[in-house]
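Adding 8 to a residue's 1-based position in the sequence shown gives its number in this note's numbering.
To start, the structure itself, in C-alpha cells.
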Amino acid sequence: MTPPLRPRRFLIETWGCQMNELDSQRLAGQLMRQGLLPTRDAGEADLLLLNSCSVREKAEHKVYSRLGEYRLLKRERPGMRIGLCGCVAQQEGERALARVPELDFVLGPARVGELAALLPRLAVGERVVAVGFPDQRHYDIDAVGRLDAYKGMVTVIEGCDKRCTFCIVPSTRGAERCRPLADVVAEVEHLLAYGFVEIELLGQTVNHWREPGGDADFADLLDAVAPLPGLRRLRFVTSYPRDFTNRMIERLRIHANLSDYLHLPVQSGCDRTLRRMGRGYTVAEYRDLVARIRAARPSAALSTDFIVGFPGETEAEFDETLALIEAVRFSAVYAFCFSPRPGTAAGRLADQVPARLAQQRLQRLMDLQNRIQGEINASLVGTETEVLVTGPGKEPGQVVGRTSCHRIVHFPAPGSAEVPAPALGSLVRVRVTRALPHSLLGEPAAAAPVGLDRRGDSRQPRLPVVA
Ligand code: SF4
C-alpha cells in the first residue's frame, strides 16, 4: 500500500520587534493557505524561514550563526528550502545569497506578502532575492496566522522618516507609509468579529499616523477604533515622544479601554546626547510630556528604551540618564549598549565608548531599574486589578494574565463544574497578594468570581488560527 503523502512543514524563527512578529504571522498564514503545516522541529521542516532583526549587531550575528546550523541540515536534506526574511534580508540582499550558498531566498520586510507567489519558483530550485520597497504591496488580512487566541496586531504605519542617527530602521523598513483609516478599522472589526478582545496597533512611530491624503491624525484613529464593540483593550506601540500631542493625551481620558501601558522611548537622559542622536526633544520636554500623560491617566505605566554608551557619552552624562530613571520611575526599561549600524551617522562617530565601560554602565542602569521596579511591584500588593487571561500558569491549577499596564499576574483558577476556569481572553478581577521581581501573584477578588467576568459564554480557548 502506498504510504499517505506527508504534508509539507514549515518553521519560522523570529527575532526583534512586534512588527517582525506580525510579519511572521503573515508568512505563516500564507504557507498554511498553501497546505503547509507548522512544526517546531527544524529536522522535519521542508521550509525554514529566519525572520531577522538588524537593529543591533548581535541580533544580526545570531541570524547568520543560525543559518550556519541550518546549512548543515540542508546538506543532509537537499530538498529543504531556507529563506532569510526581515531587516537583515533587506540590508544584505544579494550578499546573503553569496555568503550562504545553501540559502534559497531573501525576502525584505516590504515584500512579505509575496511569499506564496515565490513558492513555485523555489520548488524548481530558483534562488530569489525580493527586497526593496514597491509602491504596491500585497497585504491579505485573511491570510494571517494569528498566534494569540485573544490578541490581534494590526499595522497602521510602516517604515520611518525620522532618521535618528543610530538607527538602521529607515533603510531596512523604508519611508513612512500610513494605511488608510478605513482599512485599519476594517481589519480591527474583522478580528473582533472573530473573538479577539485585545488589539495592538503597530508602527515604528505609531502615533505619527496620518490619513493618506487627508487631515485625520492618530487621535482620530483612536476615536475610530476604541469604541468598536467587543474591544476590551486597545494598545499601541511604539510612540515617538515628539509626536505625542495633547489631543492624543486627551484620548487617554476619554477611552477607558485604552491600555494603561505606554511605551515611550527616551533613549538618553542627557540633552547633548539626545541632540547628537537627532531625537528632536529635550529631557525637560520629555518630562513635561510624562507629567501631562500622568495627569490625564494617573494609572499610566510608562516603559522606555535607553541606549547606553552612545559615542562620546561621558560619565556625568550617563549619570543624567540615571537621574531621569529615578525621577520618572518607569514600569519597565529596555536598555542596550550602543551598537554601530552600517550606513548610520552614529556608526561613523570616532569617540566610541569602550565596550567594557558601556557594559558596566548598562549594569548600573539595570540595577537601579530593578530596584525601582521591585518597589513599584511591592506597592501593588493588596490592590485589585483587572487581568486579561493569556494562558495556563507555571504551576498546575494556575493561570497567567496581564494587567492593563502589562504586568504579568499568576493566580489560581480552580476549574470545576461550579466554578469553571477562565477562558483565554476573559477579564478577571484579581487581588495582588505578592510581588516578585518581574511579576505578581494574586487571587481572584471576591467581588467578581473567576469565570463570570467574560464576554460571551460560548467563547472557548483556542489554539493558533488563521483569522
Ligand atoms: S524614530 Fe528613530 S529610532 Fe525609531 S525607528 Fe525611526 S529612526 Fe529608528
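Positions of the beta carbon are idealized from the N, C-alpha and C atoms, including for glycine.
Small disclaimer: the values here were computed from a predicted structure and weren't measured.
By the three-class DSSP mapping on this structure, what secondary structure does Pro256 have? As a first step, residue 256 is located in the sequence shown; it is residue number 248 there, counting from the start. Looking at the sequence shown, residue 256 is not Pro but Met. Helix at Met256.
Quick check on this structure: which residue in Arg154, Ser32, Lys70, Val205 has the alpha carbon closest to the alpha carbon of Leu435? Numbered from its first residue, the sequence shown carries residue 435 at position 427. Leu435 has its Cα closest to that of Val205, out of Arg154, Ser32, Lys70, Val205.
Quick check: the stretch 213 to 230 against the stretch 245 to 262, are there 3 or more CB pairs under 8 Å? Three or more Cβ pairs closer than 8 Å define a contact, and the stretch 213 to 230 meets that threshold against the stretch 245 to 262.
If you run the structure through DSSP and keep just helix, strand and coil, what is Val291? If you number the sequence shown from 1, residue 291 lands on position 283. Helix.
Any idea if Asn378 is buried or exposed, counting beta-carbon neighbours within 10 angstroms, 16 or more meaning buried? Residue mapping note: residue 378 aligns to position 370 of the sequence shown, counting from 1. By the neighbour-count rule (16 or more Cβ atoms within 10 Å), Asn378 is not buried but exposed.
So Ala67 is in the beta strand (DSSP E); what residue range does that whole segment cover? The residue you call residue 67 lines up with position 59 of the sequence shown. No beta strand (DSSP E) holds Ala67; the alpha helix (DSSP H) holding it covers 65 to 84.
Should Tyr248 be counted as a contact of the ligand SF4 given a C-beta to heavy atom distance under 7 Å? Position 240 of the sequence shown, counted from the first residue, corresponds to residue 248. Tyr248: yes, Cβ under 7 Å from the ligand SF4.
Cα-Cα, which of Leu123, His446, Val274, Leu370 is closest to Gly37? Taking the sequence shown and counting its residues from 1, the one referred to as residue 37 is at position 29. Comparing Cα-Cα distances from Gly37 to each of Leu123, His446, Val274, Leu370, the minimum goes to Leu123.
Quick one: what's Pro420 bridged to in DSSP? Position 412 of the sequence shown, counted from the start, is the residue given in the question as residue 420. BP columns for Pro420 point to Gln406.
Would you say Cys278 touches the ligand SF4, meaning its beta carbon is less than 7 Å from a heavy atom? Along the sequence shown, one-based indexing puts residue 278 at 270. False, no ligand heavy atom lies under 7 Å from that Cβ.
8 Å CB neighbourhood of Lys402 in its chain, flanking five on each side removed: Along the sequence shown, read from residue 1 onward, the residue named residue 402 stands at position 394. Here the set comprises Val408, His418.
Who are Gly450's beta bridge partners in DSSP? The sequence position of residue 450 within the sequence shown is 442, counting from 1. Residue pairing for Gly450: DSSP places it in a beta bridge opposite Val440.
Contact belief for Phe346 with Phe318 at Cβ below 8 Å, rounded distance in angstroms: As a first step, residue 346 is located in the sequence shown; it is residue number 338 there, counting from the start. As a first step, residue 318 is located in the sequence shown; it is residue number 310 there, counting from the start. Sure, about 5 Å apart at Cβ, within 8 Å.
Can you tell me whether Pro452 is buried or exposed? The criterion is at least 16 other CB atoms within 10 Å of its CB, across all chains shown. Counted from its first residue, the sequence shown places residue 452 at position 444. The residue is buried, with at least 16 neighbouring Cβ atoms inside 10 Å.
Given a cut-off of 8 Å on the beta-carbon distance, is the pair Phe314 and Leu365 in contact? As a position in the sequence shown, residue 314 is number 306, starting the count at 1. As a position in the sequence shown, residue 365 is number 357, starting the count at 1. No, Cβ-Cβ distance for Phe314 and Leu365 is not below 8 Å.
State the DSSP-derived secondary structure class of Tyr158, mapped to helix, strand or coil. Counting from 1 along the sequence shown, the entry for residue 158 is found at position 150. In the structure shown, Tyr158 sits in coil (DSSP, three-state: anything other than H, G, I, E or B).
Taking the continuous alpha helix (DSSP H) assigned at Thr180, which residues delimit it? In the sequence shown, the residue the question calls residue 180 occupies position 172. Run containing Thr180: 177 to 181, per the alpha helix (DSSP H) assignment.
Quick one: residues with CB closer than 6 Å to any heavy atom of the ligand MN, in chain order, please. With respect to small molecules bound, the structure shown includes the ligand SF4 and not the ligand MN.
For the beta strand (DSSP E) containing Tyr202, name the first residue and the last one. For the purposes of this step, residue 202 is identified with residue 194 of the sequence shown, where counting begins at 1. It is not in any beta strand (DSSP E) - Tyr202 instead sits in the alpha helix (DSSP H) that spans 189 to 202.
Count the CB pairs spanning the stretch 64 to 79 and the stretch 151 to 161 that are closer than 8 Å, and state whether there are at least three. no
Would the beta-carbon of Leu266 fall within 8 Å of that of Arg255? In the sequence shown, the residue the question calls residue 266 occupies position 258. In the sequence shown, the residue the question calls residue 255 occupies position 247. Not closer than 8 Å, so no.
Going by the beta-carbon positions, is the gap between Val192 and Val137 smaller than 8 Å? For the purposes of this step, residue 192 is taken as residue 184 along the sequence shown, with counting starting at 1. For the purposes of this step, residue 137 is taken as residue 129 along the sequence shown, with counting starting at 1. No, these two residues do not count as a Cβ contact at 8 Å.
Alpha carbons only, please: which of Arg280, Arg185, Gly433 is nearest the one belonging to Gly203? Here residue 203 refers to the residue found at position 195 of the sequence shown. Here the closest residue by C-alpha is Gly433.
From which residue to which residue does the alpha helix (DSSP H) around Thr391 run? Residue mapping note: residue 391 aligns to position 383 of the sequence shown, counting from 1. Segment: none, Thr391 is in no alpha helix (DSSP H) and carries neither H nor E.
As a quick exercise: from Ala431, Val96, Leu210, pick the residue whose alpha carbon is nearest that of Glu184. Numbered from 1 along the sequence shown, position 176 holds the residue referred to as residue 184. Nearest of Ala431, Val96, Leu210 to Glu184, Cα basis: Leu210.
DSSP three-state call for Glu21: helix, strand or coil? To locate residue 21, count along the sequence shown from 1; it is residue 13. DSSP, reduced to helix, strand and coil, places Glu21 within a strand of the structure shown.
Would you be able to state if there are at least three C-beta pairs under 8 Å between the stretch 50 to 64 and the stretch 163 to 171? Judged by Cβ distances under 8 Å, the stretch 163 to 171 makes no contact with the stretch 50 to 64, as fewer than three pairs qualify.
Assess, as a yes-or-no matter, whether the stretch 42 to 57 is touched by the stretch 17 to 24 under the definition of 3 or more beta carbon pairs within less than 8 Å. They touch, by the three-pair rule.
How would you label Tyr294, buried or exposed, when you count the other beta carbons within 10 angstroms and need 16 or more for buried? Stepping through the sequence shown from its first residue, residue 294 is reached at position 286. Buried, since its Cβ has 16 or more Cβ neighbours within 10 Å.
Assign Val205 to one of three DSSP states: helix, strand, or coil. Looking up residue 205 in the sequence shown gives position 197. Val205 sits in coil when the DSSP states are folded into three classes, being neither helix nor strand.
How big is the Cα-Cα spacing for Pro86 and Glu208? Within the sequence shown, numbered from 1, the residue matching residue 86 stands at position 78. Within the sequence shown, numbered from 1, the residue matching residue 208 stands at position 200. Each residue's Cα considered, the two are about 40 Å apart.
Tell me which residues share the same chain as Gly24 and place their Cβ nearer than 6 Å to its Cβ, disregarding the 5 neighbours each side in the sequence. Taking the first residue of the sequence shown as position 1, residue 24 is located at position 16. Cβ within range, chain order: Cys61.
With the cut-off set at 8 Å, would you say Phe338 and Ser311 are in Cβ contact? Reading the sequence shown from its first residue, position 330 is the one you call residue 338. Reading the sequence shown from its first residue, position 303 is the one you call residue 311. Contact: yes.
Relative to the alpha-carbon of Ala151, which residue among His198, Gly450, Pro142, Pro109 has its alpha-carbon at the smallest distance? Within the sequence shown, the letter at position 143 stands for residue 151. The shortest Cα separation from Ala151 among His198, Gly450, Pro142, Pro109 belongs to His198.
Pull up the CB-CB distance for Cys186 and Arg218, whole angstroms please, since I reckon it's below 8 Å. Translated into positions along the sequence shown, residue 186 becomes position 178. Translated into positions along the sequence shown, residue 218 becomes position 210. Indeed they touch by this definition, with Cβ atoms about 5 Å apart.
Presumed contact (8 Å Cβ cut-off) between Leu126 and Phe141, rounded CB distance: Within the sequence shown, the letter at position 118 stands for residue 126. Within the sequence shown, the letter at position 133 stands for residue 141. No, Leu126 and Phe141 are not in contact; Cβ-Cβ is about 17 Å, not under 8 Å.
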